[in-house]
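What follows is a set of notes on a single structure, which appears directly below.
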Amino acid sequence: MTTRDLVLVALFTAIIVVLGLIPPITLGFIPVPITAQSMGVMLAGCIIGAKRGALAYVLFVLLVAAGLPVLSGGRGGLAIIQGPTGGFILGWIVATYVTGLIAERLVKDGQNEIRQFAAFFIASVVGGIVVLYAIGMPWVSMTTGAPLTDVATGSLAFIPGDLLKAAIAALAARAVLIGYPLLPHRA
Amino acid sequence: MLNGLNVEGSTPLHRMSVRTKLAILLVLGVALYFFSSLFVLVPAFVLAAGIYFTTGLTVRDGLSRLKPVLFTIVILLIATAYLASIREATEAFFRLMALVLFAGAVTATTTTGDFIDEITRLLQPLDRLGLVRAADVGLAFGLVLRFVPDIFNHYQAIREAHRARGLKVRPLTILAPLIILTLKDADTIAMAIDARGFRRPRSDRNR
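Quick look at the structure:
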């Protein structure tokens, strides 16, 4: 890994921290408020790729574990990782890696706007939603004793918001790809 | 902006090595799931609460830190009590709270610096195998802490620019400029790090 890659990883981790400081927005038609930080997985994978994106999240999880209040709402510490939603926090690393892998495979230079958007959107949905929930939900079920099927049903409430986040992340990722392309230079 | 959650003190937990604390937490995290008897889980909870509130945290601070986790746990366990059984929910409550309290105690008694030092030491075997550079963890950590205030300033500047033009502050119009503005400095920062020789090239590889 070059020094530049290391710096990109650290800067992206810092961006994820800052996204947690931005006040969450509520949309009328979605029950859960949207925190900018929860788009971090999709953004990291789509913008700096699989390896660097996953490393940015390894670093972020280390910040959480080290007791820095870097999660949105000023949360942090090992207690959050031990709690029922800890699976989502650890799942971020894998989710970012998968998002990055798909984005690296599907997005190419010279594709038209819509194809690039679609590719980023698919990567964000598969990595940032499917993979993340596949890790997070069994953890909730295991720690609380609630049956997995019921946890899955309950999680459906978050899906509309997540799809919207995937769309925003895909648009932002495409804008960054045009303005300052980093994805093609793989780590 | 980014103060650690540790409190100063000299309790046994403060003096214990970070490695031991993390090992106990890990063992506890696995072991407590093998017990479903309240005769084990309630004492574990009481013990963890005892440790948590004797780390030097004030009661108010200690409780306010627990609030977000407690909120999630209570919501999920009300659902569990309804879907599975009240007994299971009670067991899960004491088990989770014991773990959360002990983890909170570890966080309260460990400084960020000590934690990173320990991670660096734990990575040494992998460093010798040439898989990672252990010293990079500390460097990356320092970079994050250094740049969070800067990036937050970028965010505020972009927000002000939106307001000046009468635009609504939306995530979509904030994210792209924020990310580009931040990442385009990567080359300069990397050059500065290399110019100071912080990452010595290893003679045995990376040539």
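Sequence order for the protein chains is W and E. FYI, the numbering used here numbers position 43 of the first sequence as 43, with every residue one higher than the one before it. Positions in the second sequence are counted from 1; adding 1000 to them yields the numbering used here. Glycine is no exception: its CB is placed at the ideal position from the N, C-alpha and C atoms.
Could you check if residue i is buried or exposed, using at least 16 other CB atoms within 10 Å of its CB as the buried criterion?
i                       : result
residue 1021 of chain E : buried
residue 1071 of chain E : exposed
residue 1018 of chain E : buried
residue 147 of chain W  : exposed
residue 127 of chain W  : buried
residue 141 of chain W  : buried
residue 1003 of chain E : exposed
residue 1207 of chain E : With a pLDDT of 41 at residue 1207 of chain E, under the threshold of 50, the predicted position of this residue should be treated as unreliable, though the coordinate-derived value follows. It counts as exposed.
residue 1126 of chain E : exposed
residue 1191 of chain E : exposed
residue 1164 of chain E : exposed
residue 12 of chain W   : buried
residue 153 of chain W  : exposed
residue 104 of chain W  : buried
residue 88 of chain W   : buried
residue 93 of chain W   : buried
residue 149 of chain W  : exposed
residue 1065 of chain E : buried
residue 159 of chain W  : exposed
residue 1061 of chain E : exposed
residue 1059 of chain E : exposed
residue 40 of chain W   : buried
residue 1171 of chain E : buried
residue 1081 of chain E : buried
In its own chain, which residues sit with a C-beta less than 6 Å from the C-beta of residue i, not counting the 5 before and 5 after it?
i                       : result
residue 37 of chain W   : 19, 20, 72
residue 22 of chain W   : 36
residue 1162 of chain E : 1169
With the cut-off set at 9 Å, would you say residue i and residue j are in Cβ contact?
i                       : j                       : result
residue 1141 of chain E : residue 1116 of chain E : yes
residue 1093 of chain E : residue 1044 of chain E : no
residue 1013 of chain E : residue 1105 of chain E : yes
residue 1051 of chain E : residue 1101 of chain E : yes
residue 58 of chain W   : residue 1186 of chain E : no
residue 1182 of chain E : residue 175 of chain W  : no
residue 56 of chain W   : residue 10 of chain W   : yes
residue 1079 of chain E : residue 85 of chain W   : no
residue 1108 of chain E : residue 1057 of chain E : yes
residue 1073 of chain E : residue 1096 of chain E : yes
residue 1031 of chain E : residue 179 of chain W  : no
residue 24 of chain W   : residue 16 of chain W   : no
residue 107 of chain W  : residue 182 of chain W  : no
residue 193 of chain W  : residue 1087 of chain E : No statement about residue 193 of chain W is possible, as the shown extent of chain W runs from 1 to 187 and does not include it.
residue 74 of chain W   : residue 139 of chain W  : no
Going along the chain, which residues of its own chain have a beta-carbon closer than 7 Å to the beta-carbon of residue i, five neighbours each way excluded?
i                       : result
residue 187 of chain W  : Confidence in residue 187 of chain W is poor, its pLDDT being 46 and thus under 50, which makes the residue's placement unreliable; the coordinate value appears in the next sentence. 1, 5, 49, 51, 52.
residue 166 of chain W  : 42, 121, 124, 125, 128, 129
residue 76 of chain W   : 64, 67, 68, 69, 70
residue 1111 of chain E : 1004, 1006
residue 943 of chain E  : Nothing about residue 943 of chain E can be reported from this structure: the residues present for chain E run from 1001 to 1207 only.
residue 1189 of chain E : none
residue 1099 of chain E : 1028, 1029, 1032
residue 102 of chain W  : 122, 123, 126, 127
Got a sec? Which residues, its chain only, sit under 8 Å from residue i by beta carbon, not counting five neighbours each side?
i                       : result
residue 1151 of chain E : 1178, 1182
residue 1122 of chain E : 1019
residue 1132 of chain E : 1123, 1126
residue 1009 of chain E : 1055, 1056, 1109
residue 1203 of chain E : Below a pLDDT of 50, predicted positions are generally treated as unreliable, and residue 1203 of chain E, at 48, falls in that range; the measurement from the model is reported next regardless. For residue 1203 of chain E, where only same-chain residues beyond five positions count, there are no Cβ hits under 8 Å.
residue 110 of chain W  : none
Return yes when the C-beta of residue i is under 8 Å from any heavy atom of the ligand HEM, and no when it is not.
i                      : result
residue 148 of chain W : The ligand content of the structure shown is nil, which means the ligand HEM is not present either.
What are the residues in the stretch 1076 to 1092 of chain E lying within 8 Å of chain W by C-beta distance?
1076, 1077, 1079, 1080, 1083, 1084, 1088, 1089, 1091, 1092
Three-pair Cβ contact test at 8 Å for the stretch 162 to 182 of chain W versus the stretch 134 to 154 of chain W:
no
Given 8 Å as the limit, is there contact between the stretch 1045 to 1053 of chain E and the stretch 106 to 119 of chain W, that is, 3 or more CB pairs closer than that?
no
Could you tell me whether the stretch 39 to 49 of chain W touches the stretch 80 to 100 of chain W, using the rule of 3 or more Cβ pairs below 8 Å?
Taking a cut-off of 8 Å for Cβ pairs, the stretch 39 to 49 of chain W and the stretch 80 to 100 of chain W touch, as three or more such pairs fall below it.
Check whether the stretch 1124 to 1137 of chain E and the stretch 1152 to 1160 of chain E touch, using three or more Cβ-Cβ pairs below 8 Å as the test.
no
Near-chain E residues of the stretch 126 to 154 of chain W - C-beta to any C-beta below 7 Å
140, 143, 144, 145, 146, 147, 150, 154
Decide if the stretch 1069 to 1088 of chain E is in contact with the stretch 74 to 83 of chain W; the criterion is three or more beta carbon pairs, one per stretch, under 8 Å apart.
Counting Cβ pairs under 8 Å, three or more are found: they touch.
According to a CB-to-CB cut-off of less than 8 Å, which residues of the stretch 1173 to 1185 of chain E neighbour chain W?
1174, 1175, 1176, 1178, 1179, 1180, 1182, 1183, 1184, 1185
Counting pairs of Cβ atoms below 8 Å between the stretch 60 to 68 of chain W and the stretch 1115 to 1130 of chain E, do you hit three or more?
yes
Using a Cβ-Cβ cut-off of less than 7 Å, list which residues of the stretch 1104 to 1116 of chain E approach chain W; keep chain order.
1104, 1106, 1107, 1110, 1112, 1115, 1116
Residues of the stretch 1134 to 1147 of chain E with a CB closer than 9 Å to any CB of chain W: list them in chain order, please.
1136, 1137, 1139, 1140, 1141, 1142, 1143, 1144, 1145, 1146, 1147
Give the residues from the stretch 169 to 184 of chain W that approach chain E closer than 7 Å (Cβ to any Cβ), ordered along the chain.
171, 172, 175, 176, 179, 180, 182
Against chain E, which members of the stretch 62 to 79 of chain W pass a CB distance test of less than 8 Å?
62, 63, 65, 66, 67, 68, 69, 70, 73, 75, 76, 77, 78, 79
Along the stretch 1160 to 1174 of chain E, where does the CB come closer than 7 Å to a CB of chain W? Name the residues.
Hits within the stretch, in order: 1171, 1172.
Going along the chain, which residues of the stretch 1019 to 1051 of chain E sit with their C-beta nearer than 8 Å to a C-beta in chain W?
1025, 1029, 1033
Name, going along the chain, the residues of the stretch 82 to 106 of chain W whose beta-carbon falls closer than 7 Å to a beta-carbon of chain E.
82, 83, 84, 85
Relative to chain W, which residues along the stretch 1056 to 1078 of chain E have a C-beta separation below 8 Å, given in chain order?
1065, 1066, 1068, 1069, 1072, 1073, 1076, 1077
What residues in the stretch 1 to 19 of chain W bring their beta carbon closer than 7 Å to a beta carbon of chain E?
3, 4, 6, 7, 8, 9, 10, 11, 13, 14, 15, 17, 18
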